[in-house]
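Residue numbers (full-length UniProt numbering), protein chains in the order written: chain A, 1 to 200; chain B, 1 to 200.
Don't be surprised by glycine CBs; every beta carbon is placed ideally from N, CA and C.
The structure presented is a predicted model; accordingly, all values stated were derived computationally and were not measured.
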DNA sequence: TATTTTAGCGTACAACTGTACGCTGAAATT
DNA sequence: AATTTCAGCGTACAGTTGTACGCTAAAATA
């Protein structure tokens, strides 16, 4: 029932996705990928592309899902580290920086399409980020003295800062990143402190 | 010495810039503007474009400067309002939201090119934002009990949150914007509180 | 007045894009 | 074994892009 055929199809589908991710870089964003180039890198004819996606848009949305998945998996791993005694703020920041380093093209996709030209893309990225915010908010609500509403606002602010720091880190060398991370941690402390003050 | 000729040249140059801004929208970003379309909207032949800019890139950088200028002017006006007795946080946020509303395409340019595919663009936008941060940091340093380093970090965090809230606001209706703004103000309060605590 | 400068135009071209259409061969189904 | 399904291919086409080149007319300069 697995099917030699269906299996092969899945394989070239994945090849298309990977080809597209490979072509993302600091100088190349999703919106200026071309269907033909992606097909070429995946090793299939341009017209075969349509056997897998109706559109470059459809490919892109799939890629956003995949990037979101990567991020969620990484964060699950972070929670494990936190549970076994790490600092919440520092562990989270480190994990996120790891994501940016090892999956920079996936991060770039989220980063850019968050304010890109397709409403569907923007919504998809916003959804991924919201997951993130809600998880952190849940943690803050149960583990710190902070009411629900303030926990959410606190979480939202923190995620925004972390995400933005990630964006800046993309263009920086190791030393600059170190300073950036240090500043970021202070800023997260501000928020934690302030939220706990106002949020009862 | 003003020159009928130089004057006309300046005029069509400005027409090109305005044409390009007009073609920006939620669905159209700078990187997928075409030289020909811009020239067409400005009412000149495609090849005449080169009499004014060597490149679409050069046009874009000019546009970033112009958007930065608009923003700085608006903020100077905000400081006047603050000096005559307004709340710093609320006045700044209101002014920024005004910018997004009345110059949304200029904001979109800054927003997108901040993480765009051209390093020069990214640097140009970063410069504009840094202006912003430094000005606010200066204010915080002199007007609140906060040492220099913490004032900078506080300012950076605040500007990041405001900028990002602006990005979200672009896709929202009046009611959602209201809620967003309210959350943003709380988040800025967190930061102010936390920074004043840690920053002596 | 004679000369130089230059903003803007039209033509032309090669490169590239998305995609419609029909074929093929092998896997899947009957 | 006969039939159907379908991933992938090649060809073809119309549309768009950036830009090289040389011309023109009017403004600026000498």
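Give a yes or no on whether the minimum CB-CB distance between residue i and chain A is below 8 Å.
i                      : result
residue 27 of chain B  : yes
residue 179 of chain B : no
residue 35 of chain B  : no
residue 191 of chain B : yes
residue 131 of chain B : no
residue 157 of chain B : yes
residue 138 of chain B : no
residue 144 of chain B : no
residue 112 of chain B : yes
residue 7 of chain B   : no
residue 187 of chain B : yes
residue 122 of chain B : yes
residue 81 of chain B  : no
On a Cα-Cα basis, can you pick out the residue from the options that is closest to residue i?
i                      : options                    : result
residue 90 of chain B  : B:107, B:40, B:158         : B:158
residue 32 of chain A  : B:138, B:116, B:137        : B:116
residue 127 of chain A : A:114, A:168, A:139, A:106 : A:114
residue 18 of chain B  : B:144, B:106, B:166        : B:106
residue 118 of chain A : A:196, A:10, A:56          : A:56
residue 98 of chain A  : A:192, A:20, A:13, A:181   : A:181
residue 71 of chain B  : B:129, B:173, B:29, B:192  : B:129
residue 108 of chain A : A:25, A:5, A:131           : A:25
residue 67 of chain A  : A:111, A:3, A:81, A:8      : A:111
residue 125 of chain B : A:13, A:131, A:168         : A:168
residue 184 of chain A : A:170, A:8, A:166          : A:166
residue 174 of chain B : B:30, B:101, B:28          : B:101
residue 135 of chain B : B:170, B:81, B:123, B:76   : B:76
residue 7 of chain A   : A:52, A:80, A:171          : A:52
residue 123 of chain B : A:11, A:85, A:3, A:172     : A:172
residue 170 of chain A : A:27, A:143, A:131         : A:27
residue 40 of chain B  : B:61, B:12, B:62           : B:12
residue 80 of chain B  : B:179, B:69, B:139, B:9    : B:139
Output yes or no for whether 8 Å exceeds the beta carbon distance between residue i and residue j.
i                      : j                      : result
residue 133 of chain A : residue 155 of chain A : yes
residue 74 of chain A  : residue 95 of chain A  : yes
residue 121 of chain B : residue 38 of chain B  : no
residue 22 of chain A  : residue 160 of chain B : no
residue 198 of chain A : residue 190 of chain B : yes
residue 87 of chain A  : residue 78 of chain A  : no
residue 195 of chain B : residue 149 of chain B : no
residue 192 of chain B : residue 145 of chain B : no
residue 15 of chain A  : residue 42 of chain A  : yes
residue 187 of chain A : residue 153 of chain B : yes
residue 20 of chain A  : residue 59 of chain A  : yes
Please confirm whether residue i has its beta-carbon closer than 8 Å to some beta-carbon of chain B.
i                      : result
residue 3 of chain A   : no
residue 194 of chain A : yes
residue 56 of chain A  : no
residue 161 of chain A : yes
residue 153 of chain A : yes
residue 71 of chain A  : no
residue 127 of chain A : no
residue 115 of chain A : yes
residue 31 of chain A  : yes
residue 101 of chain A : no
residue 167 of chain A : yes
residue 173 of chain A : no
residue 105 of chain A : no
residue 22 of chain A  : no
residue 197 of chain A : yes
residue 183 of chain A : yes
Which residues share a DSSP beta bridge with residue i?
i                     : result
residue 25 of chain A : A:28
- Just list the alpha helix (DSSP H) runs in the segment 109-150 of chain B, keeping only unbroken ones of 4 residues or longer that don't cross its boundaries, in chain order. Runs of the alpha helix (DSSP H) inside the segment 109-150 of chain B: 119-143.
- Query: Which full runs of the alpha helix (DSSP H) of 4+ residues lie inside the UniProt domain "HTH tetR-type" (11-71) of chain A, going along the chain?
  - Reply: Here the runs fully enclosed are 35-42.
- Query: For the segment 147-186 of chain B, which segments carrying the alpha helix (DSSP H) assignment without a break, of at least 4 residues, lie completely within its bounds, in sequence order?
  - Reply: Within the segment 147-186 of chain B, the complete alpha helix (DSSP H) segments of 4 residues or longer fall at 148-169, listed in chain order.
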